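Read through the structure below, which is laid out as structure tokens, and then see the notes.
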Amino acid sequence: MADITLTLLTGDDREKFIQDNQRAFKYGAMEEFGVRDERYEEDEEIISRKTIEESIDKGVAYRIREDGRSVGGVVLNINEKTQHNHLDLLFVLPDAHSKGIGYAAWQEVERLYPETRVWETCTPYFETRNIHFYVNKCGFHIVEFFNNHHPDPHDPGTGAEESYEEGGGMFRFEKCMK
Numbered sequence: 300m301a302d303i304t305l306t307l308l309t310g311d312d313r314e315k316f317i318q319d320n321q322r323a324f325k326y327g328a329m330e331e332f333g334v335r336d337e338r339y340e341e342d343e344e345i346i347s348r349k350t351i352e353e354s355i356d357k358g359v360a361y362r363i364r365e366d367g368r369s370v371g372g373v374v375l376n377i378n379e380k381t382q383h384n385h386l387d388l389l390f391v392l393p394d395a396h397s398k399g400i401g402y403a404a405w406q407e408v409e410r411l412y413p414e415t416r417v418w419e420t421c422t423p424y425f426e427t428r429n430i431h432f433y434v435n436k437c438g439f440h441i442v443e444f445f446n447n448h449h450p451d452p453h454d455p456g457t458g459a460e461e462s463y464e465e466g467g468g469m470f471r472f473e474k475c476m477k
């Protein structure tokens, strides 16, 4: 196993981080559905630039590095008061998949935030690789499924039935630490 570290995102790496994130998520969708599909937010991206930028601006972002080389990223939203923390984004570049990098990065996140009581995250229903990763590797539990019959009450963009395509949705996961 290579040496996996997390380093705080710097301003000069922000644009590449956004592009890498979009590439990683687009790769997952293309693996599942083919070249084009209706699950894109804007500009044919699974996660829009705006969504990624808001996440970075509201949270703390890290580059995942393997032996010093950038191979992915993590964005966290840390609530110092409640210690109910949120994993906004975690991605590993496609050419670095299946090497244990994501799991090693997640272990480092847990080490960096030992006071966390609960970790929470979401992933699209079609990201079976992510679902396997969170449940079977990292110990999260699926606690909710947002869809057109049960929209996410905290996301105003998903309140309308038409915001979920037929059979679509998002899984919400939690991992209790204490």
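Using my numbering, the first residue of the sequence shown is number 300, and each one after it goes up by one. Backbone N, C-alpha and C define an ideal beta-carbon position, used for all residues, glycine too. Everything numeric in this text was worked out from a predicted model, so none of it was measured.
Span of the beta strand (DSSP E) around Y402: Locating residue 402 in the sequence shown gives position 103, where the first residue counts as 1. That residue, Y402, is in no beta strand (DSSP E); its alpha helix (DSSP H) goes 400 to 411.
Residue from D302, T420, D319 with nearest C-alpha to L392: Counting from one through the sequence shown, the residue named residue 392 turns up at place 93. For the residues D302, T420, D319, the minimum Cα distance to L392 belongs to D319.
Alpha helix (DSSP H) segment containing N356, residue limits: As a working note, residue 356 is residue 57 in the sequence shown. Correcting the residue identity first, residue 356 is Asp in this sequence and not Asn. D356 -> alpha helix (DSSP H) spans 348 to 357.
Sufficient close CB pairs (3 or more, under 8 Å) joining the segment 354 to 363 to the segment 303 to 314: yes
CB of V417 within 7 Å of CB of E379, strictly: Within the sequence shown, numbered from 1, the residue matching residue 417 stands at position 118. Within the sequence shown, numbered from 1, the residue matching residue 379 stands at position 80. No, the pair does not count as a contact, with Cβ atoms beyond the cut-off.
Status (buried if at least 16 other CB within 10 Å, exposed otherwise) for V442: The residue you call residue 442 lines up with position 143 of the sequence shown. Looking at its Cβ environment, which holds fewer than 16 other Cβ atoms inside 10 Å, V442 is exposed.
For E314, the nearest candidate out of K349, V408, D302 (CA to CA): In the sequence shown, the residue the question calls residue 314 occupies position 15. Out of K349, V408, D302, K349 has the C-alpha closest to the C-alpha of E314.
Runs of beta strand (DSSP E) lying entirely within the segment 423 to 460, each at least 3 residues, in chain order: 440 to 445
Where G367 falls, given that 16 or more other Cβ within 10 Å makes a residue buried: In the sequence shown, the residue the question calls residue 367 occupies position 68. The residue in question, G367, is exposed, as its Cβ has fewer than 16 Cβ neighbours within 10 Å.
Proximal residues to S354 (C-beta, below 7 Å), its chain only, five neighbours per side dropped: In the sequence shown, counting from the first residue as 1, residue 354 sits at position 55. Taken in chain order, the residues that qualify are V374, D387, L388.
Nearest-angstrom Cα separation, counted from R471 out to A404: Taking the sequence shown and counting its residues from 1, the one referred to as residue 404 is at position 105. Taking the sequence shown and counting its residues from 1, the one referred to as residue 471 is at position 172. Their Cα atoms are separated by approximately 20 Å.
Where L388 sits in the DSSP three-state scheme: As a position in the sequence shown, residue 388 is number 89, starting the count at 1. The answer is strand: DSSP assigns L388 an E or B state.
Integer Cβ distance of N384 from Y412, believed to fall under 8 Å: Here residue 384 refers to the residue found at position 85 when the sequence shown is read from its first residue. Here residue 412 refers to the residue found at position 113 when the sequence shown is read from its first residue. Between Y412 and N384 the Cβ distance is about 6 Å, and since that is below 8 Å, they are a contact.
Through-space distance from F439 to C421, alpha-carbon basis: Sequence index remark: in the sequence shown, residue 421 carries index 122 (1-based). Sequence index remark: in the sequence shown, residue 439 carries index 140 (1-based). When rounded, the distance between both Cα atoms is 11 Å.
Selection from M469, N446, K477 that minimises the alpha carbon distance to E426: In the sequence shown, the residue the question calls residue 426 occupies position 127. Taking only the C-alpha atoms, the option nearest E426 is M469.
Best match in P423, V408, D311, I346 for proximity to Q321 [C-alpha to C-alpha]: Locating residue 321 in the sequence shown gives position 22, where the first residue counts as 1. The residue with the shortest Cα to Cα distance from Q321 is I346.
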